[in-house]
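Enquirer:
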Amino acid sequence: MHQTPSPPTVWRRPPLFGSLWRQRLAVALVAGYLVWSTSTLEVNVERALAGFPRALDMFARMVPPDFSRWQLLVNGMVESVQMAFAATLAGVLLSIPLGIAAAHNLAPRPLYLAARGFIVLGRTLHEVIIAIFFVKLFGFGPVAGLLTLAFASAIFLGKMIAEDIENVRTGPVEAVRATGAGFGQVVVYGIVPQVLARAAGLAIYRLDANLRHSTVVGIVGAGGIGQTLSASFARYEYDFSLAILLSIIALVALGEWFSDWVRRKLR
Amino acid sequence: MSYPRTWRRRSPGESAVLWLWSAAVAFAAAWSVSALDIEWAFFADAHEQAIDLASRMWPPRWSYLPVIARPLIETIHIATLGTTIALVLSVPLAFLSARNTTANGFTWALGRALLVASRSVNTVIWGLVFVAIFGPGPVAGICAVAARSVGFLAKILAEAIEEADRGPIEAIEATGAGTAQVYLFGVLPQVMPVLIGTTVYRWDINVRESSVLGFVGAGGIGLYLYASINQFAWQQVLVVLAAILVIVLVSEALSAWVRARIT
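Structure, rendered in structure tokens:
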């Protein structure tokens, strides 16, 4: 006696995590975590609630943005742009040996492992932490910011270039090698043409990213517009802060648009 | 027609363009570097300074580890709660700023403006703003993480919405569903994998960002790192750095594992 189960009369949204039980478990876990985390955070509720009227007050003092000290603003912005540009270039130059060293099809094993380890280590630490160390070594000012961004760019580009080198087609490389070319010639004629277009796009992307990051390394004294912003917050000059924030948004949006435009052209 | 007898990589025109670009880049670089007023003397003894710093850091003072256990957990909490808030806020913002789901040109422009504003300001700078509002502490950090992440999530989600398949949407429309129902049952299920994948990805970026939020007083491990540096307690600094390294690497591995499972 076979009885086909009656088809369901009510539609149910299919669960996201495979089965209904797993979905319930996931929801319970998330809810449990949220309760645990909010309870362990040392939140000063009174102070946080006092934030809402303070926020209104702050906004009132922010508007209208004060562009009267535009010279300070422009100086900071120009410094940020210079920092980002010089850092990108230095990063590109440094990333080439790093990228070659971190590609397993070019570098000997010990060098490959050392370069990969360096990349993992460098990627993990936030730019601001790296900036602190450069400020300690080179003093306050844009040089520390420049070195920080150059370091971060070299790590990022080195990783990307290494991955591109590992993915090159072996045909052209072997063809160049078959002509009797040395290591340098193989790299220049066999590998560079294959990775150059993407690497150029990445470098432009990195310029845009550096522009964005150059606004933040100033918080620890590494120069640029971030330092101006941080100072304006410390002096409660919120109308000037808003002017700086708006300028940063405009600069970053412009940089993003430029980077998109160049990368579209490159493709 | 005679063929060239020697092989050239680029045509004369191509090399001219290349040279022009190189010259422009070199010029801009020279301008940037010269305008930055670099004190080259600092470079001369930088390696000595670095060795000195390294020798002060060793050996790491592991007894500091119990002290930073709580702030480390707080750092992860800030990242997770901030990402959660961003996830909730990013869905309506994404629908607002996707061309095919926004109400009209004005709402689209509004959505796009919010996206740009959120994404252009760095998490640490958002931290500065929220510390001024809520006072120092993790609340400011959570808000900062949420404020920066909402634009990131919404931008990618909006792109996914714009690329959503028309078929299921029309099928839901054909049942007589209202706009909200179409979005909920026709669009959202299609972009769900993107939403979850991006959120998990952003979470691991946020763990890294939260590690420095303490520098502006927005809670987490950064405060302890900053204090240790200011006290020149370099052996503690090394411990904090190692701890940050571990939580960032673990969160990165976890996020990569989850993303590999969904896609």
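Chains as they are written, first to last, in our numbering: chain A, 213 to 479; chain B, 1335 to 1597. Just so you know, even glycine gets a beta-carbon here, dropped at the ideal spot from N, CA and C. Remember, predicted model here, so these are calculated numbers, not experimental data.
1. So with Cβ pairs under 7 Å, would you call A:L305 a contact of chain B?
2. Residues in the same chain with beta-carbon distance under 7 Å from A:I331, minus the five sequence neighbours each way, listed in chain order, please.
3. Less than 7 Å between CB atoms is the rule here; does A:T336 satisfy it with respect to chain B?
4. For the ligand SAH, is there any heavy atom lying closer than 6 Å to the beta carbon of A:A421?
5. Considering only C-alpha positions, which residue in the set B:A1451, B:P1502, B:A1378, B:S1585 is nearest to A:I456?
6. With distance defined between alpha-carbon atoms, name the residue in B:L1427, B:V1367, B:L1430, B:L1415 nearest to A:V293.
7. What residues of chain A sit near B:V1592, judged by a beta carbon separation below 9 Å?
8. Between which two residues does the alpha helix (DSSP H) harbouring A:D420 extend?
9. Since B:V1525 and B:A1567 are thought to touch, with beta carbons under 8 Å apart, how far apart are those beta carbons, to the nearest angstrom?
10. Are any of the Cβ atoms in chain A nearer than 7 Å to that of B:H1411?
11. Under the three-state reduction of DSSP, which class applies to A:F452: helix, strand or coil?
12. Following the continuous alpha helix (DSSP H) through A:N287, name the residue where it begins and the one where it ends.
13. Measuring CB atoms only, is the segment 281–292 of chain A touching the segment 432–451 of chain A, in the sense that at least three cross pairs come out at less than 8 Å?
14. CB A:H425 to CB B:R1542, shorter than 7 Å?
15. Under a three-way DSSP split, which group does A:G430 fall into?
16. What distance in whole Å lies between the Cβ atoms of B:R1453 and B:F1599, which are believed to be in contact at a cut-off of 8 Å?
17. Would you call A:I373 buried or exposed, if buried means 16 or more other Cβ atoms sit within 10 Å of its Cβ?
18. Got a sec? Which residues, its chain only, sit under 6 Å from B:A1420 by beta carbon, not counting five neighbours each side?
19. Would you grab the beta carbon distance between A:V385 and A:I403 for me? Rounded to a whole angstrom, and I think it's under 8 Å.
20. Beta-carbon within less than 7 Å of A:F350's beta-carbon, same chain only, minus the 5 sequence neighbours each way: which residues are those?
21. Measure the alpha-carbon distance for A:V247 versus A:D451 and round it to whole angstroms.
22. Does DSSP classify A:T221 as helix, strand or coil?
23. Would you call the CB atoms of A:R389 and A:V398 closer than 7 Å?
24. On a CA-only basis, which of B:A1494, B:G1469, B:S1562, B:A1552 is nearest A:E258? Give me that one, please.
25. Quick one, which of A:P217, A:L232, A:S218 has its alpha-carbon nearest A:R224's?
26. Could you say which of A:W473, A:S249, A:G396 lies nearest to B:E1408 if we only look at CA atoms?
27. Mind listing the chain A neighbours of B:N1438? Cutoff is C-beta to C-beta under 8 Å, in chain order.
28. What residues in its chain sit with their C-beta under 8 Å from that of A:L478, if we drop five residues either side in the sequence?
29. Between B:F1376 and chain A, is there a C-beta pair that is closer than 7 Å?
30. Applying a beta-carbon distance threshold of less than 9 Å, which residues of chain A neighbour B:F1486?
31. For B:W1591, does the count of other Cβ atoms within 10 angstroms reach 16, so buried, or fall short, so exposed?
Expert: Let me lay it out:
1. Position 93 of the first sequence, counting from 1, holds the residue named residue 305 of chain A. Contacts with chain B at 7 Å (Cβ-Cβ) do not include A:L305.
2. Here residue 331 of chain A refers to the residue found at position 119 when the first sequence is read from its first residue. Result list for A:I331: A314, I367, G370, K371, in chain order.
3. Indexing the first sequence from 1 puts residue 336 of chain A at position 124. A:T336 belongs to the set of residues whose beta carbon lies under 7 Å from a beta carbon in chain B.
4. As presented, the structure is devoid of all ligands, the ligand SAH included, so that no description of it is given.
5. For the purposes of this step, residue 456 of chain A is taken as residue 244 along the first sequence, with counting starting at 1. Of the candidates B:A1451, B:P1502, B:A1378, B:S1585, the one whose C-alpha sits nearest the C-alpha of A:I456 is B:A1451.
6. The sequence position of residue 293 of chain A within the first sequence is 81, counting from 1. For the set B:L1427, B:V1367, B:L1430, B:L1415, the Cα lying nearest the Cα of A:V293 is the one of B:V1367.
7. Residue 1592 of chain B sits at position 258 when you count from the first residue of the second sequence. Chain A residues near B:V1592: none, gap ~11 Å exceeds 9 Å.
8. The sequence position of residue 420 of chain A within the first sequence is 208, counting from 1. Taken as a continuous stretch (DSSP letters only), the alpha helix (DSSP H) holding A:D420 covers 404–426.
9. The sequence position of residue 1525 of chain B within the second sequence is 191, counting from 1. The sequence position of residue 1567 of chain B within the second sequence is 233, counting from 1. B:V1525 to B:A1567, Cβ: 48 Å. No contact.
10. Along the second sequence, one-based indexing puts residue 1411 of chain B at 77. Using a CB distance cut-off of 7 Å, B:H1411 counts as an interface residue toward chain A.
11. Here the question's residue 452 of chain A lines up with position 240 in the first sequence. For A:F452, the secondary structure class from DSSP, reduced to helix, strand or coil, is helix.
12. What you label residue 287 of chain A is simply residue 75 of the first sequence in a count that begins at 1. In the DSSP annotation of this structure, the continuous segment of the alpha helix (DSSP H) that includes A:N287 starts and ends at 282–313.
13. By the criterion of at least three beta-carbon pairs nearer than 8 Å, the segment 281–292 of chain A is in contact with the segment 432–451 of chain A.
14. Mapped onto the first sequence, residue 425 of chain A falls at position 213. Mapped onto the second sequence, residue 1542 of chain B falls at position 208. Cβ distance not < 7 Å, so A:H425 and B:R1542 don't count as in contact.
15. For the purposes of this step, residue 430 of chain A is identified with residue 218 of the first sequence, where counting begins at 1. Looking at A:G430 - three-state DSSP - the assignment turns out to be helix.
16. Residue numbering for chain B in the displayed model covers 1335 to 1597; residue 1599 of chain B lies beyond these limits and cannot be assessed.
17. The sequence position of residue 373 of chain A within the first sequence is 161, counting from 1. Buried.
18. Walking along the second sequence from the start, residue 1420 of chain B turns up at place 86. Only A1480, S1483, V1484, L1487 meet the Cβ criterion.
19. As a position in the first sequence, residue 385 of chain A is number 173, starting the count at 1. As a position in the first sequence, residue 403 of chain A is number 191, starting the count at 1. Right, their Cβ atoms sit about 6 Å apart.
20. Within the first sequence, residue 350 of chain A is the residue found at index 138, counting from 1. Excluding sequence neighbours, A:F350 sits near A356, L359.
21. In the first sequence, counting from the first residue as 1, residue 247 of chain A sits at position 35. In the first sequence, counting from the first residue as 1, residue 451 of chain A sits at position 239. It is roughly 38 Å from the alpha-carbon of A:V247 to the alpha-carbon of A:D451.
22. Position 9 of the first sequence, counting from 1, holds the residue named residue 221 of chain A. It is coil, neither helix nor strand.
23. To locate residue 389 of chain A, count along the first sequence from 1; it is residue 177. To locate residue 398 of chain A, count along the first sequence from 1; it is residue 186. In this structure, the beta-carbon distance from A:R389 to A:V398 falls below 7 Å.
24. Sequence index remark: in the first sequence, residue 258 of chain A carries index 46 (1-based). For the set B:A1494, B:G1469, B:S1562, B:A1552, the Cα lying nearest the Cα of A:E258 is the one of B:G1469.
25. Here residue 224 of chain A corresponds to residue number 12 of the first sequence, with the count starting at 1. Its Cα nearest to that of A:R224, the residue A:L232 stands out among A:P217, A:L232, A:S218.
26. For this step, residue 1408 of chain B is matched to residue 74 along the second sequence. When each option's Cα is compared against that of B:E1408, the closest is A:S249.
27. Taking the first residue of the second sequence as position 1, residue 1438 of chain B is located at position 104. When 8 Å is used as the limit between beta carbons, B:N1438 is near no residue of chain A, the shortest such separation being about 22 Å.
28. By one-based count along the first sequence, residue 478 of chain A stands at place 266. Taking A:L478 as the centre and dropping the five residues before and after it, the same chain places the C-beta of A409, A412, G413, I416 closer than 8 Å to its C-beta, in chain order.
29. Along the second sequence, one-based indexing puts residue 1376 of chain B at 42. Chain A contact via Cβ: present.
30. Counting from one through the second sequence, the residue named residue 1486 of chain B turns up at place 152. Chain A residues near B:F1486: none, gap ~12 Å exceeds 9 Å.
31. Walking along the second sequence from the start, residue 1591 of chain B turns up at place 257. Here B:W1591 is exposed, its C-beta having fewer than 16 other C-beta atoms within 10 Å.
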